[in-house]
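Undergrad: Per the working numbering, the very first residue in the sequence shown carries number 55; after that it's consecutive.
All C-beta atoms in this analysis are idealised placements derived from N, C-alpha and C, irrespective of residue type, glycine included.
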Amino acid sequence: MSRPADAARAALRNPWLPEDPDVDVNDDGRPVHLRARYAAYVALGGFVGTGIREAMSLWFPTPADRVNWTILAINVSGAFLLGALVQLLAGRGPDHGRRRTVRLLLGTGVLGGFTTYSTFADGAAQLIRDSEPGMAVGYCGLTLGVGLLASFAGITAAQRVHR
Numbered sequence: 055m056s057r058p059a060d061a062a063r064a065a066l067r068n069p070w071l072p073e074d075p076d077v078d079v080n081d082d083g084r085p086v087h088l089r090a091r092y093a094a095y096v097a098l099g100g101f102v103g104t105g106i107r108e109a110m111s112l113w114f115p116t117p118a119d120r121v122n123w124t125i126l127a128i129n130v131s132g133a134f135l136l137g138a139l140v141q142l143l144a145g146r147g148p149d150h151g152r153r154r155t156v157r158l159l160l161g162t163g164v165l166g167g168f169t170t171y172s173t174f175a176d177g178a179a180q181l182i183r184d185s186e187p188g189m190a191v192g193y194c195g196l197t198l199g200v201g202l203l204a205s206f207a208g209i210t211a212a213q214r215v216h217r
């Protein structure tokens, strides 16, 4: 390109608007996790996701000496939804502006609060304490294996929707 053509293109652009409307013009260069606005999105989403998980755990309680099917269902459905969400957002462009806000609010926040590794691990440890090591290993394998498949299914579903 010639210099006059570059200058003409630059003159036609509005210097007050970013070329991509999703670009955060107020980006101060700090990492995302150090910005109060983004931390607030994650906290709000985490509050909602944790509340949903707690409500489901209360609606579908599991006896202490059994596999926690509710947590298994929560983690598997969360893996599916997180895979789909991240794929949909990635298919629409870079992680900036609204896409970043949605990812942090819904992905990291809501789905991060909804799913739970600690309750899953505690459930497996409880099965071992209850002299059910085979059931604990099966629970771990089932959770991780089906969770991986669910995540892949979410990614695949989002790819098909995005086409």
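Apart from the five residues on each side of it in sequence, which residues of its chain come closer than 8 Å, Cβ to Cβ, to A93?
TA: Against the sequence shown, residue 93 aligns to sequence position 39. Counting only Cβ-Cβ distances below 8 Å, and skipping sequence neighbours, we find H87.
Undergrad: Which residue wins for smallest C-alpha separation from F104, given the options T116, Q180 and G132?
TA: Position 50 of the sequence shown, counted from the start, is the residue given in the question as residue 104. Sequence inspection shows Thr at residue 104; the Phe mentioned does not correspond to that position. Distances from the CA of T104 to each of T116, Q180 and G132 were compared; the closest alpha carbon is that of G132.
Undergrad: Closer than 8 Å is the cut-off here; do at least three beta carbon pairs connect the region 179-193 with the region 154-168?
TA: no
Undergrad: What number of angstroms, rounded off, separates the C-alpha of A108 from the C-alpha of L98?
TA: For the purposes of this step, residue 108 is taken as residue 54 along the sequence shown, with counting starting at 1. For the purposes of this step, residue 98 is taken as residue 44 along the sequence shown, with counting starting at 1. The question names Ala, but residue 108 in the sequence shown is Glu. Cα to Cα, the separation comes out at about 15 Å.
Undergrad: What separation, rounded to the nearest whole angstrom, lies between the Cα atoms of L159 and R152?
TA: Numbered from its first residue, the sequence shown carries residue 159 at position 105. Numbered from its first residue, the sequence shown carries residue 152 at position 98. Rounded to the nearest angstrom, the two C-alpha atoms are 10 Å apart.
Undergrad: My guess is that L196 and L136 are in contact by the Cβ rule of under 8 Å, so how many angstroms apart are they, rounded?
TA: Position 142 of the sequence shown, counted from the first residue, corresponds to residue 196. Position 82 of the sequence shown, counted from the first residue, corresponds to residue 136. The Cβ separation is near 18 Å, so there is no contact.
Undergrad: Within the continuous alpha helix (DSSP H) that includes D176, where are the two ends?
TA: Your numbering for residue 176 matches position 122 in the sequence shown. First-last of the alpha helix (DSSP H) with D176: Y171 to R183.
Undergrad: So the alpha helix (DSSP H) G279 belongs to, where does it begin and stop?
TA: The first residue shown for the chain is 55 and the last is 217, placing residue 279 beyond what the model contains.
Undergrad: Would F121 and A204 qualify as a contact pair, given that the criterion is a beta-carbon distance under 9 Å?
TA: Working through the sequence shown from its first residue, we reach residue 121 at position 67. Working through the sequence shown from its first residue, we reach residue 204 at position 150. At residue 121 the sequence reads Val, which differs from the Phe that was named. Going by C-beta atoms, V121 is not nearer than 9 Å to A204.
Undergrad: Under 7 Å Cβ to Cβ from F174, same chain only, skipping five residues before and after it: list those, please.
TA: For this step, residue 174 is matched to residue 120 along the sequence shown. Excluding residues within five positions, the ones whose Cβ falls inside 7 Å are I125, N129 and T197.
Undergrad: Which of the three DSSP states is assigned to T104 in this structure?
TA: As a position in the sequence shown, residue 104 is number 50, starting the count at 1. Residue state, collapsed to three classes: helix.
Undergrad: Just the Cα atoms here: how many angstroms apart are L142 and A212?
TA: In the sequence shown, the residue the question calls residue 142 occupies position 88. In the sequence shown, the residue the question calls residue 212 occupies position 158. Each residue's alpha carbon lies about 6 Å from the other.
Undergrad: Alpha carbon to alpha carbon, what distance is there between F114 and D176?
TA: For the purposes of this step, residue 176 is taken as the residue at position 122 of the sequence shown. For the purposes of this step, residue 114 is taken as the residue at position 60 of the sequence shown. Taking C-alpha positions only, D176 is separated from F114 by approximately 17 Å.
Undergrad: Say whether chain D places a C-beta atom closer than 9 Å to the C-beta of V96.
TA: In the structure shown, chain D does not exist; there is a single protein chain.
Undergrad: Distance, Cα to Cα, R84 vs Y193?
TA: Looking up residue 84 in the sequence shown gives position 30. Looking up residue 193 in the sequence shown gives position 139. Their Cα atoms are separated by approximately 41 Å.
Undergrad: If you count every other CB in all the chains shown that lies within 10 Å of the CB of F101, and 16 or more means buried, which is it?
TA: Walking along the sequence shown from the start, residue 101 turns up at place 47. F101 comes out exposed.
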